[in-house]
Amino acid sequence: MVGRPPVRAGGQLYHWRDLRADPFMTSTGRDLRALRETGARTRFAFRLMVVVLAFCAILAGPGRDVVAQEADKPDTTASVLIDLSTGTLLAARNPDLAFAPGSTAKLMTAAVVFDAIDTGEISEDTLYRVSEHAWRTGGAPARVTTMFAALKSEVPVIDLLRGLLVQNANDAAIILAEGLSGSEAAFVERMNALAGRIGMDTSRFTSPTGHEDASARTSARDLSRLAIWLLTSHRDRMELFTLPDFTWNGIFQRNKNPLIGAIADLDGFVAGQSEKAGFNAVGTMERDRRRLVGVVAGHPSADAREEALRDLFDSLAKDYEEVVLYPAREEIARARVFGGQAGEVGLESPDDVELLLPRGDKHAYRLRVVYKGPLRAPVEKGATVGELRVLKDNAVVHRAPLRTRDAVEAGTVKGRAADALRETLFGWWLDGG
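Here our numbering runs 22 ahead of the position in the sequence shown, where the first position is 1.
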């Protein structure tokens with residue numbers, strides 16, 4: 023790709039590039055929502071300076087709207103597809119629509135236990151006793167999915183995790199909750215605390231099993247964040263999700279996730295349902311050397327859920343191509359420097375800025391270079407001072423850190439005084455005000 027030379031107007035740097043277009047995810051799996059950069063214009067103070075770089079996609083052929091909704095009825099389904107290789111959100115349909123988590127709550131239960139193991143609070147060999155409450159409400163008497171843990175027996179944590187993730191066992195979830203926190207209520211507090219740390223802003227869990235409760239809720243975006251956290255923080259435990267079967271108390275049971283084996287390459291995580299929210303699933307796979315995370319929710323049947331998740335993953339090969347926006351260490355923009363021997367310094371990304379964009383689509387996208395400025399001299403070479411944001415429809419779809427290409431030494435007393443005067447008289451104009 024060949025970019026046109028940058029143009030300065032109104033004190034801001036504008037840069038145009040021709041691209042093909044559309045993503046929706048940060049490189050770390052964090053917030054993807056729309057941004058509004060505002061701030062007071064104060065003398066000499068660091069201010070948020072936003073350099074807007076615009077580009078539009080020019081590609082023949084009609085676009086495929088991945089978030090199209092039927093006009094004759096409200097849309098109650100939700101989905102998210104993320105490519106972890108580039109940190110790109112490929113598709114989003116009602117990503118913040120709240121729904122009851124159902125059995126996907128067990129994914130958060132597993133996350134809390136994984137965390138406790140990694141911090142040394144417990145080990146995989148820690149034994150937990152099966153209480154009468156766990157046995158009656160989550161075991162055989164309750165006629166729910168269960169690992170058939172015997173009343174008053176002691177079960178190792180690792181086997182409870184196998185029961186939880188292979189057999190979707192309610193008794194395993196309750197035993198883990200009681201063993202780790204003393205009660206389900208105390209464990210739920212840990213679930214919600216971890217959800218907050220992960221950034222699951224919509225979610226509120228009310229039980230380790232996902233038992234339906236009017237106040238329990240999550241979203242496709244939140245579940246994708248949980249999946250990304252598990253993949254990045256607990257990758258070594260992912261094999262638990264794909265064990266074909268598990269035998270406990272002499273009872274053999276196959277993996278209860280109907281999507282494992284039904285969808286090619288799928289190696290996690292969970293399928294769930296609730297009476298109010300319908301059928302949902304959180305899935306992950308490696309395809310074409312890319313680690314993908316997909317979430318679907320709100321479907322009327324197990325078959326519809328399977329079809330939706332399969333189509334979501336299959337859309338990668340059909341609809342997307344990888345595009346490098348900027349090669350590593352190429353100058354992307356220039357940041358103003360206050361009180362230095364030079365008035366500006368170049369900004370670059372240490373790695374290629376790449377993401378997946380849909381084929382055959384025609385949309386306008388924007389690039390924003392955001393940093394706190396003007397930078398104050400001296401400025402070190404290689405200092406991370408801001409980030410490049412790729413936006414579509416005012417939503418951040420990708421982020422990349424920006425660092426300085428060169429060092430800028432402090433200027434002379436006379437030069438710094440001139441900068442101060444210029445800032446006093448014209449700072450508002452130079453900042454594009």
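Yeah, the Cβ is synthetic: ideal placement off N, Cα and C, and Gly gets one too.
Is DSSP giving R488 helix, strand or coil here? Residue 488 is absent from the model: the chain starts at 23 and stops at 455.
Rank T264, I273 and P123 by C-alpha distance to the C-alpha of D287 and give the top, closest one. T264
How is M307 classed by DSSP in three states: helix, strand or coil? Three-state DSSP puts M307 in a strand.
Where T254 falls, given that 16 or more other Cβ within 10 Å makes a residue buried: exposed
Whole-angstrom distance between A429 and L248, CA atom to CA atom: 40 Å
For K414: DSSP bridge partner residues: A417
Using the three-state DSSP reduction, which class does T148 fall into: helix, strand or coil? coil
According to the neighbour-count rule (16 or more other Cβ atoms, all chains shown, within 10 Å of its Cβ), is G161 buried or exposed? buried
How would you write the range of the alpha helix (DSSP H) that H155 sits in, first residue to last? E154 to G160
Using a Cβ-Cβ cut-off of 7 Å (strictly less than) and excluding sequence neighbours within five positions of T228, which residues of its own chain qualify? Taken in chain order, the residues that qualify are V210, D235, S237 and A238.
Could you name the residues of the same chain whose beta carbon sits closer than 7 Å to that of L281, not counting the 5 residues immediately before and after it, in chain order? L288, A293, A303, G305, E328 and L331
Compare the Cα-Cα distances from P266 to each of R259, Q275, M260 and D258 and report the closest residue. Closest in alpha carbon position to P266, among R259, Q275, M260 and D258, is Q275.
Can you check which of these residues, S153, R165 and G218, is closest to E206 by C-alpha distance? S153
With distance defined between alpha-carbon atoms, name the residue in E261, L182, W251 and A242 nearest to P230. L182
Mapping the DSSP letters down to three states, classify R427 as helix, strand or coil. For R427, the three-state secondary structure derived from DSSP is coil.
Out of R390, H420, D415 and I285, which one is the CA nearest neighbour of T108? H420
If you check the beta carbons only, do A242 and N116 fall under 9 Å apart? yes
What did DSSP end up calling L452 once you bin it into helix, strand or coil? The predicted position of L452 is uncertain, since its pLDDT is 44 and thus under 50; no value can be drawn from it.
Classify K298 as helix, strand or coil using the three-state DSSP reduction. coil
What residues in its chain sit with their C-beta under 6 Å from that of N271, if we drop five residues either side in the sequence? F170 and A172
Taking the alpha-carbon positions, what's the S323 to L378 distance? Rounded to the nearest angstrom, the gap between the Cα atoms of S323 and L378 is 31 Å.
By the DSSP assignment, the beta strand (DSSP E) with D235 in it spans what residues? Neither: D235 is in no beta strand (DSSP E) and is coded neither H nor E.
Pull up the DSSP beta-bridge partners for Q275, would you. Answer by DSSP bridge pairing, in chain order: F268.
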